[in-house]
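Numbering (the working numbering), first residue to last: 48 to 403.
A virtual CB, placed ideally from N, CA and C, is assigned to each residue, including glycine.
Inspection log for the structure reproduced underneath, given as structure tokens.
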Amino acid sequence: MKKHNFYAGPSILSEYTIKNTAEGILNFANTGLSVLEVSHRSKEFQAVIDEATALVKEILGIPEGFSVLWLGGGASLQFCMMPYNFLAKKASFLDTGTWASNAIKEARLFGEVDVVASSKDANYTFIPRGWQVAADSDYFHYTTNNTIYGTEIRKDPEVACPLIADMSSDIFSREIDWSKYIAVYAGAQKNLAPAGVTIAIVRDDALGKVDRPIPTMLDYRTHIKKGSMFNTPPVLPIFSALQTLRYYKELGGLKELERRDLEKAGALYEAIDGSRLFKGTVTNAEDRSIMNVCFVMKPEYAELEKEFVDFCGERGIVGIKGHRSVGGFRASLYNALPLESVKVLIQAMKDFEAKH
Ligand SMILES: *Cc1c(COP(=O)(O)O)cnc(C)c1O
């Protein structure tokens with residue numbers, strides 16, 4: 048049976064990505080070797096990382112003056128590397144969820160941290176509004192998409208200092224105004240590639256402004272100087288990312304990706320809002336994520352939760368159980384998920400409602 052993959056991460060990759068990755072594992076660039084067993088310094092792999100880097104720049108519209116790095120350690124290591132390299136005295140943060148608060152915790156090791164607002168008391172069911180960022184902050188850090196709670200900020204904030212964003216779960220779903228940023232980072236395993244590589248995009252002239260010594264591997268300048276080849280980079284995830292990037296370009300880039308994402312999320316939210324059994328968990332409609340749609344059974348139907356997950360399972364729908372800190376359901380609609388899968392989920396919701 049065809050599976051409809053709604054997992055939050057690692058998550059669905061395009062058929063194009065999977066097929067071409069499989070091919071590269073069997074015979075990489077006609078070398079007669081697997082991409083798993085070649086030197087990262089071979090000219091064939093150099094061509095892979097060069098093309099992948101160029102495509103990230105092209106698709107995201109990254110101007111001159113920024114470097115695109117392919118790093119290990121996940122987005123979680125960036126929670127530490129960002130302040131290590133950019134926090135001289137003080138940084139401001141918006142606390143919109145678990146990942147944002149993990150970033151805050153790490154930054155506190157490096158300097159003064161100003162949390163401008165938090166929706167923690169409301170279990171992160173909305174994006175706080177009406178906050179102010181001090182103009183003397185080195186940067187303002189925020190999480191564009193809160194993967195666990197299903198909220199999202201789709202507009203680059205207007206603040207008096209430079210921005211740093213964790214875009215792990217919604218990169219490649221909207222345009223970015225690079226003039227506002229000194230850095231953006233994203234773990235690959237949601238909208239790009241298998242787990243194991245993280246993209247860090249950093250503004251070159253914003254580096255070198257902190258006094259502290261930085262360990263070699265945690266210093267962005269090391270990786271810029273060596274083209275992400277200071278040590279062995281995650282070869283297979285980068286190869287796989289290249290396939291996804293080619294596919295994104297072929298589709299028509301960010302505009303088309305965003306159009307598809309809005310269409311999928313719009314259809315699912317409409318079904319949730321029109322339902323007798325289900326309701327969304329995010330308080331303000333404008334904060335709703337188009338990547339991770341969180342919903343629950345209305346209280347009077349709460350006991351049907353498990354039955355619905357099983358009901359979906361019978362139709363090939365996997366990965367819709369909500370995160371343990373929210374409960375209910377979470378349908379992740381990453382770029383690779385086809386509209387058809389969303390339609391199958393909506394039909395399952397309707398059929399389940401008819402049954403009850
Ligand atoms: C998944 C996720 C992370 C954690 O990524 P790792 O690569 O597992 O460290 C951080 N931030 C956001 C927004 C995420 O969705």
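The beta strand (DSSP E) spanning residue i covers which residue range?
i, result
"Tyr189", "Tyr186 to Thr190"
"Leu116", "Phe113 to Leu118"
"Phe32", "The question about residue 32 has no answer, for the chain in this structure spans 48 to 403."
"Val85", "Looking at the DSSP string, Val85 is not in any beta strand (DSSP E), and its letter there is neither H nor E."
"Leu210", "Leu210 to Asp213"
"Val249", "Thr245 to Arg250"
Hey, quick one: how far does the alpha helix (DSSP H) through residue i stretch, first residue to last?
i, result
"Ala94", "Lys90 to Leu107"
"Ile229", "Not the alpha helix (DSSP H): Ile229 falls in the beta strand (DSSP E), residues Tyr228 to Gly234."
"Arg268", "Tyr267 to Lys272"
"Lys402", "Leu386 to Lys402"
"Ile72", "Glu62 to Leu73"
So, at 7 Å on beta carbons, what are the nonlocal neighbours of residue i in its own chain, with the 5 sequence-adjacent residues on each side left out?
i, result
"Glu153", "Phe126, Cys127 and Pro130"
"Gly79", "none"
"Met396", "Ala318, Ser322 and Phe325"
"Leu298", "Leu304"
"Phe157", "Pro130, Tyr131 and Leu134"
"Gly144", "Tyr171, Thr190, Asn193, Ile195 and Tyr196"
"Glu98", "Leu289"
"Glu70", "none"
Only counting the same chain, and skipping five residues up and downstream in sequence, which positions put a Cβ closer than 6 Å to that of residue i?
i, result
"Ile246", "Ala233"
"Glu305", "Ser220 and Arg221"
"Thr279", "His87"
"Phe187", "Ser139, Val180, Val206, Cys208 and Leu210"
"Glu352", "Met344"
"Asn238", "Ile218, Phe219, Tyr381 and Asn382"
Apart from the five residues on each side of it in sequence, which residues of its chain come closer than 8 Å, Cβ to Cβ, to residue i?
i, result
"Pro284", "Ala235, Ala240, Pro241, Ala242, Gly243 and Val244"
"Ala181", "Lys137, Ser139, Asp161, Ala207 and Cys208"
"Leu309", "Ile337"
"Tyr267", "Ser114, Leu116, Met128, Asn132, Ala247, Val249 and Leu254"
"Gly375", "Thr328, Cys341, Phe342, Val343, Met344, Glu352 and Gly369"
"Phe311", "Here residue 311 turns out to be Lys, not Phe, going by the sequence shown. Taken in chain order, the residues that qualify are Ile337, Leu380, Leu384, Leu386 and Val389."
"Gly112", "Arg250, Asp251 and Asp252"
Under 6 Å: does the beta carbon of residue i sit that close to some heavy atom of ligand 2?
i, result
"Thr328", "Absence of ligand 2 is noted for the structure shown, with ligand 1 being the only ligands found."
Exercise for review: Return the chain-ordered ranges of every alpha helix (DSSP H) run that is complete within the segment 275-314 and spans a minimum of 4 residues.
Suggested key: 282-298
Check your understanding: Touch check for the segment 118-125 and the segment 219-237: three-plus C-beta pairs under 8 Å?
Key -> yes
**Study point:** Within the segment 119-177, ranges of the beta strand (DSSP E) (whole runs, at least 3 residues)
**Key:** 137-142 and 159-165
Check your understanding: For the 8 Å Cβ check, are there 3 or more pairs between the segment 288-296 and the segment 60-74?
Key -> yes
**Study point:** At least 3 beta-carbon pairs within less than 8 Å: the segment 316-331 vs the segment 172-186
**Key:** yes
Exercise for review: Counting only runs of 3+ residues fully inside the segment 322-381, write out the beta strand (DSSP E) ranges in chain order.
Suggested key: 325-327, 339-344 and 376-379
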